[in-house]
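Protein chains in written order, with full-length UniProt numbering: chain C, 1 to 311; chain L, 1 to 372. For each residue, glycine too, the CB sits at the ideal point set by N, CA and C. Model, not experiment: these values are computed from the prediction. What follows is a set of notes on a single structure, which appears directly below.
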């Protein structure tokens, strides 16, 4: 409008040209700035299900790592991350949360119930006067067969000092036991209770990640049984998962408990080691999973193939 | 006259912007047929199959695919990459991707194969992929640790092998060095072992392993041209940014985190999977001598380690029916990083031109006012 006002006073053709070029440039610039304003505009959308979120769940602001603890009368400023409010995506919270996962499996796991950590929401840790460290966590756990999720709050204590002492865990979850496994467990129990056809299997999953449908309950059972060892062996510098059931053999049923010998491979992430354990496992719908014996197997150095492996 | 010229430059830039916006939409659509039928890219393949596949990619796409043997493994096997891009007489910028540095992480060579297949499938029809193929060359190594990978296929008891296959020295009888601890990046300092039986054995010295040397040699020759370095691992569902060595911050840490978080968002948009983003000392464990650290140290600005599915249910033995979804989401993440780095390199002049145009416009307005 201002420009139109100005054009009346001067040589019109020249002014109109300048005026129109200016507006063209202005429009171009506005469009360019909007389109090229930010590289992240280039993020592809529309692929797969839309997920509504404004901020990535992992973008927790840093700067909560340096904490002042006020335990009792002493004030300690520590830079170690395992004290104070924990960043949910950092390793201390994740390792502690995985211990809670193992604990829940020892309590509630079965051939038809196998629980895994889904998300760490929040956590905190504190020193307990030369005895160890205590964690508090808010988590989501997921039962992998039914896909039911539940919210859990947990408290763990990692004993300090010498000697390997198992962590102590307390946890309560909502909604996790909603999957009704009674019928499946009962059917499985009755099917394998009599000693006509003792089950056995090996390499579960196989190299391709495949598990035969008939082997799946034994795979879950192996995972749950492994949780007893993983819980016992865990500390703040470990992160355990079961890599594979190397083999299992069913033994004669005793005292109404199904019994198995299991050879499992555990993957310890922080050392990247594969650790072999043999277990004697019992299960029934009433008693749940029990691990009667565990035996650490020596690392398999003699398994090395000769150097001339051709393929 | 000058304003006419600038105006036409603006028009050209505008049309490019519109095109790239459309390209982003096109490449997100997965064809129905490929997601449902059991095809080559939904299975794991041994080394001979992958070698044959590389030959096939060259045969079927001779104008855009060539291969390069850039080193030898301990057992004297070729280390081969595919170089993919539209041919140009000028020197081009590059994207580096390697898979299979740790033998048991079978999903990773599957991903490199998927990535190659996908850019070859879409570059003629997807304007954004086409533009990137024109401006960049992709250097993709489907299997870096060839000896280890072959060993992991030998039988069930070797499936979980991690390291190379060089023998121990000095009376130590175990095999293998962790290739991702063998690079000349604070070698031997943190997260390593001097015991050759250990899974983190870093070797007798930096670059003692010919596989690590081959990568170092290539990166050294190309380092001014490489815009992004992506090294693919499993498992854990994480995107690691430099440095693995603790108490060291990359100069562009904020940019790396921003791009990484953007990639994680792109990954989550595909199948809902969460990938955690951060430095390894923060979210996994500290370690030195990695290829990612080396790449960042020699000046490659964007250096990422991908840890693909899952989070421990299957671990290294990811079922074949998860190959496709895993590759789809990882592809989205990789494309986010590659698109960012491409646009930063090739569109940064747009910002300069835009600024020039604003200045010109302001000058024109001021001069108009003065002339009155």
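In the pairwise beta carbon analysis, the segment 215-224 of chain C is classified as touching the segment 110-128 of chain C: at least three pairs are separated by under 8 Å. For the segment 138-199 of chain C, the continuous alpha helix (DSSP H) assignments of 4+ residues that do not extend past its boundaries occur at 182-193, in sequence order. Here residue 131(C) has 159, 160 and 161 as same chain residues with Cβ atoms under 8 Å from its own Cβ, once five neighbours each way along the sequence are excluded. Taking 3 residues as the shortest admissible run, the segment 212-254 of chain C contains the following complete beta strand (DSSP E) segments, listed from N- to C-terminal end: 240-254.
Between residue 278(L) and the set 106(L), 255(L) and 300(L), the nearest pair of CA atoms involves 255(L). Against chain L, the CB of residue 211(C) has a partner CB under 9 Å away; the residue lies at that interface. Scanning 206(L), 288(L), 223(L) and 270(L) for the CA closest to the CA of residue 246(L) turns up 288(L).
What residue 272(C) touches in chain L, judged by beta-carbon distance under 7 Å, is 162, 199 and 200, going in chain order. For the pair of segments examined, the segment 212-222 of chain L was found to touch the segment 291-308 of chain L: the number of CB pairs separated by less than 8 Å reaches three.
Residue 256(C) is outside the set of residues whose beta carbon lies under 9 Å from a beta carbon in chain L. What residue 116(C) touches in chain L, judged by beta-carbon distance under 8 Å, is 311, 312 and 313, going in chain order.
The beta carbon of residue 175(C) sits closer than 6 Å to the beta carbons of 150 from its chain, once the five residues preceding and following it are set aside; these are given in chain order. What residue 147(C) touches in chain L, judged by beta-carbon distance under 9 Å, is nothing: the nearest beta carbon there is about 12 Å away. Within chain L, the C-beta atoms nearer than 8 Å to that of residue 144(C) come from 313, in chain order. Comparing alpha carbon positions, the residue from 145(L), 192(L) and 196(L) closest to residue 170(L) is 196(L). The DSSP-derived three-state label of residue 122(C) is strand. In this structure, the beta-carbon distance from residue 98(L) to residue 120(L) does not fall below 9 Å. For residue 276(C), the enclosing beta strand (DSSP E) begins and ends at 273-284. Annotation: Cβ neighbours of residue 241(C) in chain L (cutoff 7 Å, chain order): 312 and 315.
Beyond the five residues adjoining it in sequence on each side, residue 199(C) comes within less than 7 Å, by CB distance, of 192, 218 and 250 in the same chain, given in chain order. The DSSP-derived three-state label of residue 133(C) is strand. Residue 95(L) is outside the set of residues whose beta carbon lies under 9 Å from a beta carbon in chain C. The C-beta of residue 205(C) comes closer than 9 Å to at least one C-beta of chain L. The DSSP assignment places complete alpha helix (DSSP H) segments of no fewer than 4 residues inside the segment 144-221 of chain L at 146-152, in order along the chain. When Cβ-Cβ separations below 9 Å define contact, residue 208(C) makes contact with chain L. A direct Cα-Cα distance of roughly 24 Å separates residue 269(C) from residue 268(L).
In the structure shown, residue 316(L) falls within a coil segment according to DSSP collapsed to helix, strand and coil. Each residue's CA atom was taken as its position, placing residue 125(C) and residue 88(C) some 12 Å apart. Residue 230(L) sits in a strand when the DSSP states are folded into three classes. Among the residues of chain L, those whose CB is under 7 Å from the CB of residue 244(C) are 317, following chain order.
By the Cβ rule, the segment 253-261 of chain C does not count as touching the segment 337-357 of chain L, because fewer than three pairs are nearer than 8 Å. In the structure shown, the three-state DSSP call for residue 271(L) is helix. Residue 251(L) counts as exposed, since fewer than 16 other C-beta atoms from the protein chains shown sit within 10 angstroms of its C-beta. Of the residues 153(C), 224(C) and 133(C), the one whose Cα lies closest to the Cα of residue 141(C) is 153(C). For a Cβ distance threshold of 7 Å, residue set 315 of chain L lies close to residue 267(C), ordered along the chain. Using a Cβ-Cβ cut-off of 9 Å, residue 236(L) counts as an interface residue toward chain C, since at least one Cβ of chain C sits closer than that to its own.
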